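Q: Take a look at the following structure, please.
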Amino acid sequence: VNNNRQTFELTFHTMRRLYVGGLSHTVTEKDLKDRFGKFGAVEDVELRTRKDPEGVPFKTFGYVNINISDPDLKKCLTVLNKSKWKGGTLQIEIAKESFLETHRIWL
Numbered sequence: 001v002n003n004n005r006q007t008f009e010l011t012f013h014t015m016r017r018l019y020v021g022g023l024s025h026t027v028t029e030k031d032l033k034d035r036f037g038k039f040g041a042v043e044d045v046e047l048r049t050r051k052d053p054e055g056v057p058f059k060t061f062g063y064v065n066i067n068i069s070d071p072d073l074k075k076c077l078t079v080l081n082k083s084k085w086k087g088g089t090l091q092i093e094i095a096k097e098s099f100l101e102t103h104r105i106w107l
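Sequential numbering from 1 applies to the sequence shown in the working numbering.
This is how it looks when you write it as structure tokens:
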């Protein structure tokens with residue numbers, strides 16, 4: 001018996017904030033937007049660079065706010081986490097809520 005019914009799968013997109021570590025200090029916000037844009041709609045990118053006392057960058061990381069489905073998030077983490085990119089090795093995880101947000105006091 002041949003069933004010609006098509007199955008439609010609903011995929012829900014959720015705004016996620018991803019931590020991206022292991023970046024080269026030459027990476028730009030546009031680079032990150034382009035890199036993660038293959039997996040979902042990038043809403044915002046923040047880059048941060050820590051420097052030593054002489055002003056030399058030693059750690060660059062960022063946050064990517066992306067509207068993404070769970071299957072695409074899984075694919076993104078599988079493909080990009082621990083991958084070599086622009087002289088660094090990416091370390092990607094779902095960002096933890098900031099201390100301030102989890103301990104907000106309403107006045």
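Heads up, the beta-carbon is just placed ideally off N, CA and C, and yes, glycines get one too. Remember, predicted model here, so these are calculated numbers, not experimental data.
What number of angstroms, rounded off, separates the C-alpha of isoleucine 94 from the C-alpha of lysine 59?
A: Indexing the sequence shown from 1 puts residue 94 at position 94. Indexing the sequence shown from 1 puts residue 59 at position 59. Their backbone Cα atoms lie some 19 angstroms apart in a straight line.
Q: In terms of DSSP beta bridges, what is histidine 13 paired with?
A: In the sequence shown, the residue the question calls residue 13 occupies position 13. Ser69, per the DSSP bridge assignment.
Q: Considering lysine 96, what are the terminal residues of the alpha helix (DSSP H) in which it resides?
A: Mapped onto the sequence shown, residue 96 falls at position 96. Going by DSSP, lysine 96 is part of no alpha helix (DSSP H) at all; its letter is neither H nor E.
Q: Please name the residue in Trp85, Gly62, Lys84, Pro71 whose C-alpha comes closest to that of tyrosine 19.
A: Here residue 19 corresponds to residue number 19 of the sequence shown, with the count starting at 1. When only C-alpha atoms are compared, the closest one is Gly62.
Q: Measuring straight from C-alpha to C-alpha, what distance separates valine 45 and aspartate 34?
A: By 1-based counting over the sequence shown, the position of residue 45 is 45. By 1-based counting over the sequence shown, the position of residue 34 is 34. If I take the Cα positions, the gap works out to 11 angstroms.
Q: Just confirm the distance between the C-beta atoms of lysine 82 and leucine 90, as a whole number of angstroms; I'd bet it's less than 8 angstroms.
A: By one-based count along the sequence shown, residue 82 stands at place 82. By one-based count along the sequence shown, residue 90 stands at place 90. So it is a contact: roughly 7 angstroms between Cβ atoms.
Q: Look at the alpha carbon of alanine 41 and the alpha carbon of asparagine 65, and state the distance between them as a whole number of angstroms.
A: Start at 1 with the first residue of the sequence shown, and residue 41 comes out as number 41. Start at 1 with the first residue of the sequence shown, and residue 65 comes out as number 65. Rounded to the nearest whole angstrom, the CA to CA distance from alanine 41 to asparagine 65 is 9 angstroms.
Q: Starting from the N-terminal side, write out each stretch of the alpha helix (DSSP H) that is 4 residues or longer and does not extend beyond the segment 21-76.
A: Qualifying alpha helix (DSSP H) stretches, in chain order: 29-36.
Q: Comparing C-alpha positions only, which one of Leu80, Lys86, Trp85 sits nearest to isoleucine 92?
A: Translated into positions along the sequence shown, residue 92 becomes position 92. Ranking Leu80, Lys86, Trp85 by Cα distance to isoleucine 92 puts Leu80 first.
Q: Return the CA-CA distance between lysine 51 and phenylalanine 39, expressed in angstroms with no decimal places.
A: Counting from one through the sequence shown, the residue named residue 51 turns up at place 51. Counting from one through the sequence shown, the residue named residue 39 turns up at place 39. Each residue's alpha carbon lies about 31 angstroms from the other.
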